[in-house]
Amino acid sequence: MANWIPLWLHKLSSPPVFYGFAGKLRPWAIALALILGVAALYGGLVLAPPDYQQGDDYRIIFIHVPCAWMSLFIYGVMGIAAFIALVWRIKLAEVVAMASAPIGASFTFITLVTGSLWGERMWGTWWTWDARLTSELVLLFLYLGVIGLYHSFEDRRQGARTAAFLALIGIVNVPIVHFSVNWWNTLHQGSTIRLLGPSSIAPSMIWPLLTMMAATKCYYVASLFGRTRTDLLALESGKDWVRHIAENEVAR
Amino acid sequence: MAVLRRDLTLAWRQRGDMVLPVLYALIVTSLFPFALGPEDALLRRIAGGVVLVTMLLAMLLALDAMFRSDIEDGSLEQLMLAPQPLALMLGMKILAHWLATAVPLIVIAPLLAGMLHLPSPVIPVLLLALLLATPLLSLVGGVLVALTAGTRRSGMLLALMLLPLCVPVVIFAAGALAAAQEGLPWIAPIAWLGAALVMAVVLAPLACAAALRIALDS
Amino acid sequence: MTPATPATPLLEARALSFHRQDEPVFGPLDFRLDAGELTLIEGDNGSGKTTLMRILTGLLRPEEGELLWRGEPLSWDRCSGEVVFLGHQLGLKSELSPRENLRFAIGLHGSREHSQVDDALARVGLAGFENEPVRKLSAGQKKRVALARLLLIPAALWLLDEPYANLDRTGIELVNGLLEAHIAHGGAALVTSHGAVQFHGGEPQRIRLHD
Numbered sequence: 001m002a003n004w005i006p007l008w009l010h011k012l013s014s015p016p017v018f019y020g021f022a023g024k025l026r027p028w029a030i031a032l033a034l035i036l037g038v039a040a041l042y043g044g045l046v047l048a049p050p051d052y053q054q055g056d057d058y059r060i061i062f063i064h065v066p067c068a069w070m071s072l073f074i075y076g077v078m079g080i081a082a083f084i085a086l087v088w089r090i091k092l093a094e095v096v097a098m099a100s101a102p103i104g105a106s107f108t109f110i111t112l113v114t115g116s117l118w119g120e121r122m123w124g125t126w127w128t129w130d131a132r133l134t135s136e137l138v139l140l141f142l143y144l145g146v147i148g149l150y151h152s153f154e155d156r157r158q159g160a161r162t163a164a165f166l167a168l169i170g171i172v173n174v175p176i177v178h179f180s181v182n183w184w185n186t187l188h189q190g191s192t193i194r195l196l197g198p199s200s201i202a203p204s205m206i207w208p209l210l211t212m213m214a215a216t217k218c219y220y221v222a223s224l225f226g227r228t229r230t231d232l233l234a235l236e237s238g239k240d241w242v243r244h245i246a247e248n249e250v251a252r
Numbered sequence: 253m254a255v256l257r258r259d260l261t262l263a264w265r266q267r268g269d270m271v272l273p274v275l276y277a278l279i280v281t282s283l284f285p286f287a288l289g290p291e292d293a294l295l296r297r298i299a300g301g302v303v304l305v306t307m308l309l310a311m312l313l314a315l316d317a318m319f320r321s322d323i324e325d326g327s328l329e330q331l332m333l334a335p336q337p338l339a340l341m342l343g344m345k346i347l348a349h350w351l352a353t354a355v356p357l358i359v360i361a362p363l364l365a366g367m368l369h370l371p372s373p374v375i376p377v378l379l380l381a382l383l384l385a386t387p388l389l390s391l392v393g394g395v396l397v398a399l400t401a402g403t404r405r406s407g408m409l410l411a412l413m414l415l416p417l418c419v420p421v422v423i424f425a426a427g428a429l430a431a432a433q434e435g436l437p438w439i440a441p442i443a444w445l446g447a448a449l450v451m452a453v454v455l456a457p458l459a460c461a462a463a464l465r466i467a468l469d470s
Numbered sequence: 471m472t473p474a475t476p477a478t479p480l481l482e483a484r485a486l487s488f489h490r491q492d493e494p495v496f497g498p499l500d501f502r503l504d505a506g507e508l509t510l511i512e513g514d515n516g517s518g519k520t521t522l523m524r525i526l527t528g529l530l531r532p533e534e535g536e537l538l539w540r541g542e543p544l545s546w547d548r549c550s551g552e553v554v555f556l557g558h559q560l561g562l563k564s565e566l567s568p569r570e571n572l573r574f575a576i577g578l579h580g581s582r583e584h585s586q587v588d589d590a591l592a593r594v595g596l597a598g599f600e601n602e603p604v605r606k607l608s609a610g611q612k613k614r615v616a617l618a619r620l621l622l623i624p625a626a627l628w629l630l631d632e633p634y635a636n637l638d639r640t641g642i643e644l645v646n647g648l649l650e651a652h653i654a655h656g657g658a659a660l661v662t663s664h665g666a667v668q669f670h671g672g673e674p675q676r677i678r679l680h681d
């Protein structure tokens with residue numbers, strides 16, 4: 001049987017191994033994120049034709065939509081890591097979950113800001129209680145709650161586990177919020193403004209979008225690895241492998 | 253159940269604390285007409301929402317105290333070591349807390365609604381919505397309070413954590429009120445609240461026990 | 471659950487150690503405790519006595535090592551109902567009277583046969599204070615209320631964290647008397663203390679914690 005995968009994963013979950021692995025992978029992820037990001041921006045801002053309805057304004061989607069995807073994707077990663085952290089008590093999973101939260105919160109924030117900018121051009125208002133916007137705002141609060149709870153504990157591991165539990169509650173909550181907000185919006189008034197209908201998007205628009213998505217993913221990996229590495233160092237500061245690294249740094 | 257009886261006795265001994273949320277709700281509600289002007293039509297339109305949000309804030313005010321004193325004097329440790337299921341005992345604690353804080357609020361809810369000229373046929377719907385929404389908030393809040401049990405400062409944090417969770421509750425409760433006010437059928441949102449409450453009654457004590465064990469590092 | 475035979479100790483620790491933020495709190499620790507035995511845990515302030523106590527109650531999880539309760543891994547649901555823990559925080563509600571506090575404890579943990587709340591209070595020297603709110607009692611008297619709980623609740627193992635703190639000479643004798651009676655009835659006890667303990671029932675086992 002191919003049991004090398006769980007074995008490899010098990011090895012990877014040990015902090016020193018992950019530290020080295022993440023350190024090797026991180027420059028590649030940054031480079032890839034930069035290249036893909038530049039390519040996507042060029043494709044989106046220069047090559048893609050203007051929209052027949054929205055002119056050039058729509059181009060903000062090349063930032064907005066990938067960020068919105070990332071805000072949910074990172075919450076998913078955080079939830080999975082939180083689950084692993086609570087069930088198997090793996091230190092690395094705690095660190096990954098907690099390192100994901102600020103990145104996810106930033107993406108959510110960017111989504112809200114770009115959405116608001118776009119809304120101002122398209123709908124003539126900075127903010128509307130659209131179901132998706134509201135859900136995104138709630139998502140931001142969830143992220144902030146997780147971060148706040150994590151930092152309110154003196155013991156970081158305890159804080160991480162507690163915040164991980166909150167993240168799991170949030171996972172249950174997000175669909176409920178989305179459903180209820182949808183229901184609420186239709187009850188109060190038929191929303192006069194809709195986001196882009198499911199109009200078929202031209203391929204010249206879709207490839208920059210997908211490329212940007214890949215770029216944000218790479219950026220996430222790079223950022224996550226960076227944060228995880230520093231957190232691991234701080235968390236394991238008493239251990240031998242950290243001392244070795246510190247000694248090597250000093251020797252250099 | 254011993255826990256329920258003790259907590260109710262305690263609440264009764266400190267009934268001054270029980271009055272505070274009620275007073276708070278009264279003050280907040282009476283500020284709205286000053287801020288918005290005494291126009292009846294306007295007040296009538298916002299009455300349901302204002303009463304709901306005020307109740308929520310008043311409950312939030314008292315939520316923090318749910319486990320605080322038990323942690324400080326070590327009662328919670330004794331509770332966790334007792335041979336009964338922790339989830340059940342915590343469920344009883346939450347029930348006691350609900351009885352001590354939410355029930356007085358519900359009792360004055362018609363008064364608050366009257367101050368804002370909520371049409372009287374809507375008041376039964378308001379009470380029904382509150383009867384379903386407040387225990388839901390107590391249960392969800394109990395889980396969150398358990399999560400902050402190991403921390404020093406938690407007031408603002410609790411509000412931040414509770415907000416995403418209480419959005420659906422507010423939406424459905426307010427939805428029922430709005431529908432009733434317009435003479436539309438309001439049973440659907442109430443049914444959703446009821447369903448959520450049933451879920452919460454089953455799951456929240458378990459989650460609360462798990463959260464407490466994590467937060468107190470066991 | 472296997473019945474406790476003389477071969478399986480009530481509580482056994484193997485290479486138990488605990489770290490907080492990767493700072494070791496106490497080192498690998500081995501000990502065993504049989505029914506009818508008293509063990510003293512000694513150590514200076516900050517040597518991890520209270521932490522060890524909390525681990526033994528199952529409230530905290532040890533980082534490394536094993537803890538066996540009647541030969542099986544200890545967890546809070548395994549030993550609950552057989553262990554009484556008396557910590558720094560006494561677990562008394564200051565708004566309630568000693569009698570109400572003890573009734574509540576019985577409601578949670580059950581009570582020993584032939585034990586009466588008022589008798590227990592009289593035994594710890596609090597006759598006449600049954601209905602006074604606990605907040606009006608002195609620190610030593612509060613401690614005595616908590617000690618009365620030991621008399622009422624059935625348990626095989628007592629975990630007493632600093633039971634002598636705040637007590638006068640008669641109070642200390644009271645604790646010793648309670649411990650002796652408990653041991654004589656086949657109970658076991660773990661007691662932390664930084665002071666000298668005089669115990670008349672044979673020399674107790676001692677565990678020394680270092681920084």
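Residue numbers (the working numbering), protein chains in the order written: chain A, 1 to 252; chain B, 253 to 470; chain C, 471 to 681.
C-beta atoms are modelled at their ideal positions from N, C-alpha and C, and glycine is treated no differently.
Check, Outcome
"Ile193 of chain A in three-state terms, based on DSSP", "Reliability fails at Ile193 of chain A, whose pLDDT of 42 lies under 50, so the model's placement of it is uncertain and no value is given."
"Chain C contact for Ile269 of chain B (CB, 8 Å cutoff)", "For the sequence presented, residue 269 of chain B should be read as Asp rather than Ile. It does not; no Cβ of chain C falls within 8 Å."
"Where the alpha helix (DSSP H) through Ser71 of chain A begins and ends", "Ile61 to Trp88"
"Close Cβ partners of Asp638 of chain C (< 7 Å) along its chain, the five nearest in sequence each way excluded", "Gly610"
"Which listed residue (A:Gln158, A:Asn185, A:Val146 and A:Phe153) has its alpha carbon closest to that of Ile169 of chain A", "A:Val146"
"CB contact flag (Arg229 of chain A, Ala22 of chain A, <8 Å)", "yes"
"Span separating the alpha-carbon of Pro387 of chain B from that of Glu236 of chain A", "43 Å"
"Any chain A beta carbon closer than 8 Å to Pro420 of chain B", "yes"
"Rounded straight-line distance, which links the Cα of Ala299 of chain B to that of Val355 of chain B", "20 Å"
"Beta-carbon proximity of Thr306 of chain B to Ala277 of chain B, cut-off 8 Å", "yes"
"Nonlocal neighbours in the same chain, by C-beta distance under 6 Å from Thr114 of chain A, ignoring five residues either side", "Ile60, Ile63 and His64"
"Interfacial residues, the stretch 291 to 324 of chain B to chain A, with Cβ spacing under 8 Å", "none"
"Any C-beta of chain A under 8 Å from that of Met332 of chain B", "no"
"8 Å CB neighbourhood of Gly535 of chain C in its chain, flanking five on each side removed", "Ala483, Arg484, Ala485, Leu486, Ser487, Pro498 and Leu499"
"Run of the alpha helix (DSSP H) containing Trp28 of chain A, from where it starts to where it stops", "Pro15 to Tyr42"
"Exposure of Ile346 of chain B, with buried meaning 16 or more beta-carbon neighbours within 10 Å", "buried"
"Three-state secondary structure (DSSP) of Ile677 of chain C", "strand"
"Whole-angstrom C-beta distance between Leu560 of chain C and Lys612 of chain C, which should lie under 8 Å", "6 Å"
"Under 8 Å from the C-beta of Arg404 of chain B: neighbouring residues of chain C", "Within chain C, no residue comes near Arg404 of chain B; the closest Cβ sits about 16 Å away, beyond 8 Å."
"Any non-hydrogen atom of the ligand GDP within 7 Å of Ala430 of chain B CB", "Judged by which ligands are present, the structure shown has none, so any question about the ligand GDP falls away."
"Arg227 of chain A at chain B interface by Cβ criterion, 8 Å", "no"
"Exposure of Tyr58 of chain A, with buried meaning 16 or more beta-carbon neighbours within 10 Å", "buried"
"Where the beta strand (DSSP E) containing Glu136 of chain A begins and where it ends", "Not the beta strand (DSSP E): Glu136 of chain A falls in the alpha helix (DSSP H), residues Ala131 to His151."
"Candidates A:Gly55, A:Glu94, A:Ile245 and A:Asp56: closest to Asp155 of chain A by CA position", "A:Glu94"
"is_contact[His652 of chain C, chain B] using C-beta, thresh 8 Å", "no"
"Where Arg605 of chain C sits in the DSSP three-state scheme", "helix"
"Backbone secondary structure at Arg531 of chain C - three-state DSSP", "coil"
"Contact with chain C by Gln433 of chain B, beta-carbon distance below 8 Å", "no"
"Nearest candidate by alpha-carbon position, reference Ala381 of chain B, set B:Asp259, B:Trp444, B:Ser282 and B:Ser321", "B:Trp444"
"C-alpha gap between Val181 of chain A and Val377 of chain B, whole angstroms", "21 Å"
"Of the residues C:Leu530, C:Leu630 and C:Leu480, the one placed nearest Glu507 of chain C, counting alpha carbons only", "C:Leu480"
"C-alpha gap between Val553 of chain C and Asn601 of chain C, whole angstroms", "27 Å"
"Residue burial classification, Thr162 of chain A (beta-carbon count within 10 angstroms, cutoff 16)", "buried"
"Touch test, the stretch 575 to 591 of chain C against the stretch 616 to 625 of chain C, Cβ-Cβ under 8 Å, three pairs minimum", "yes"
"Residue-chain proximity (Leu235 of chain A, chain B), Cβ-Cβ < 8 Å", "no"
"Close Cβ partners of Asp589 of chain C (< 6 Å) along its chain, the five nearest in sequence each way excluded", "none"
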